[in-house]
Amino acid sequence: MFFIFGIKTKLVGKEDRKVLKNGFMANAIVSIYKNYFELFFIPIFPFSKKYSIYIPHSDEYYETGFGSSDMPKEYLELCKEVGRNY
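Going by our numbering, the first residue of the sequence shown is number 8, and it counts up by one from there.
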């Protein structure tokens, strides 16, 4: 039998949150991604989450996952808090 399988990353949620940056409250865009195992291009089950945060005020971008920069602990906690909704 011949099966087509792979891994796909899908955006499952995006929210705007306020963060304290250099003594000012700045807007941050938090995105939540899920990695899915797919079979015949149909997502079967999720097996992990990835988070990213973008702060336009200071033009900073952080994400979790393989090959990404280290996200500061306070931003990671904010991302996990948002990720509980998804």
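Ideal Cβ positions, reconstructed from N, Cα and C, are used throughout, including at glycine.
From a predicted model like this one, the values you see are computed outputs, not experimental measurements.
With distances taken Cα to Cα, identify the nearest neighbour of GLY72 among TYR58, LYS25, ASP66, MET32. TYR58
Could you say which of PHE47, VAL89, LYS28, TYR93 lies nearest to GLU67 if we only look at CA atoms? LYS28
Thinking just about the alpha-carbon of each residue, which of ILE62, TYR93, ASN92, GLU81 is nearest to the one in ALA35? ILE62
Which residue's Cα is closest to the Cα of ILE14: LYS41, LEU83, CYS86? LYS41
Between the Cα of LYS87 and those of LYS17, HIS64, VAL37, PHE47, spot the shortest distance and give me the residue it belongs to. VAL37
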